[in-house]
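Asks:
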Amino acid sequence: MKIGLFDSGLGGLVVLKAVVKQLPDYDYEYYGDTKHVPYGGRAEEEIYELTKAGVIHLFERDCALVIIACNTASAETLRRLQDEFLPEEYPTRKILGVIIPVIEEVVNSECKRVLMFATQRTVSSGKYHLELGKRNEIDTKIEAVATPELVPLLEVGNIAGASAIAQALIDERLLDGGEVEGLILGCTHYTLLTDKLREAYGDRIKIFSQAEIIPERIDDYLMRHM
Ligand code: DGL
Numbered sequence: 002m003k004i005g006l007f008d009s010g011l012g013g014l015v016v017l018k019a020v021v022k023q024l025p026d027y028d029y030e031y032y033g034d035t036k037h038v039p040y041g042g043r044a045e046e047e048i049y050e051l052t053k054a055g056v057i058h059l060f061e062r063d064c065a066l067v068i069i070a071c072n073t074a075s076a077e078t079l080r081r082l083q084d085e086f087l088p089e090e091y092p093t094r095k096i097l098g099v100i101i102p103v104i105e106e107v108v109n110s111e112c113k114r115v116l117m118f119a120t121q122r123t124v125s126s127g128k129y130h131l132e133l134g135k136r137n138e139i140d141t142k143i144e145a146v147a148t149p150e151l152v153p154l155l156e157v158g159n160i161a162g163a164s165a166i167a168q169a170l171i172d173e174r175l176l177d178g179g180e181v182e183g184l185i186l187g188c189t190h191y192t193l194l195t196d197k198l199r200e201a202y203g204d205r206i207k208i209f210s211q212a213e214i215i216p217e218r219i220d221d222y223l224m225r226h227m
């Protein structure tokens, strides 16, 4: 069986690498829309059409399951693709996103004050908060901060530059006396910051990195459904 992974650019390759490591016995196909990255500032309809085109490409290359690793595309298109597009066009295939697995991890961690870095679109979609609201029994609060400036830096491999900006945003909150127990790296590209931020904050802040969360979840999904 072949699994497809969709992202707006190259950031999703980090997630793909982690998925291949966890599930080496599957075939894989990656679609990074480097022609249109970044998605984070685009209109919802445009993100839907671009994501749909990527998903069709992956289905036409025989992927039975497509993971929308891009948070922006997951936030803006997943429900519509699953409800409208799949039943009409590819009723036997599956599409999964990345937001629910992260929220379930946050809820399980019992962190109450969680900062999230994501694109403008992911933040304004409110999808992380929506999914948290469905499961939040311990009154976790997520402060979502749009950090589109990190994407172009990470797309060209400038991890140090992006990490400095991320750390300044975290430190600002800590110096202000704000609590930051957890940090969601809510964009595929930001997974590249995981090691640097762990070096900087150690156990003080729990980093929710999709390269760590998603592979386990796909494994679990495949065992239960395919
Ligand atoms: N890959 C996108 C995400 O995970 C971020 C980059 C973009 O703006 O396209 O949200």
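Position one of the sequence shown corresponds to residue 2 (our numbering), numbered consecutively onward.
Note that CB positions come from ideal geometry on N, CA and C, so glycine has one too.
Only a predicted model underlies this, so the values are computations on that prediction, with no experimental measurement involved.
1) Among LEU131, ARG136, VAL124 and PRO88, which has the Cα closest to the Cα of SER110?
2) Please report how far the alpha carbon of TYR91 lies from the alpha carbon of GLU200, in whole angstroms.
3) Give the C-beta separation of ALA119 and ASN72 to the nearest angstrom, bearing in mind that I take them to be a contact with Cβ-Cβ under 8 Å.
4) Hey, out of ALA70, ASP84 and GLY183, whose CA is closest to VAL16's CA?
5) Reducing DSSP to helix, strand and coil, say where MET224 ends up.
6) What first and last residue would you give for the beta strand (DSSP E) that runs through PHE306?
7) Could you tell me which residues DSSP puts in a beta bridge with CYS64?
8) In whole angstroms, what separates the C-alpha of ALA169 from that of VAL181?
9) Candidates VAL107, LYS128 and LYS3: which alpha carbon is nearest GLU77's?
Replies: In brief:
1) The shortest Cα separation from SER110 among LEU131, ARG136, VAL124 and PRO88 belongs to ARG136.
2) For TYR91 and GLU200, the distance between alpha carbons rounds to 44 Å.
3) About 6 Å separates the Cβ atoms of ALA119 and ASN72, confirming a contact at the 8 Å cut-off.
4) Distances from the CA of VAL16 to each of ALA70, ASP84 and GLY183 were compared; the closest alpha carbon is that of ALA70.
5) MET224 carries a helical assignment under DSSP once its states are collapsed to helix, strand and coil.
6) In the structure as shown, the chain begins at 2 and stops at 227. Residue 306 is therefore absent and cannot be evaluated.
7) In the DSSP secondary-structure assignment, CYS64 is bridged to LYS3.
8) Whole-angstrom Cα-Cα distance: 13 Å.
9) Nearest C-alpha to GLU77 among VAL107, LYS128 and LYS3: LYS128.
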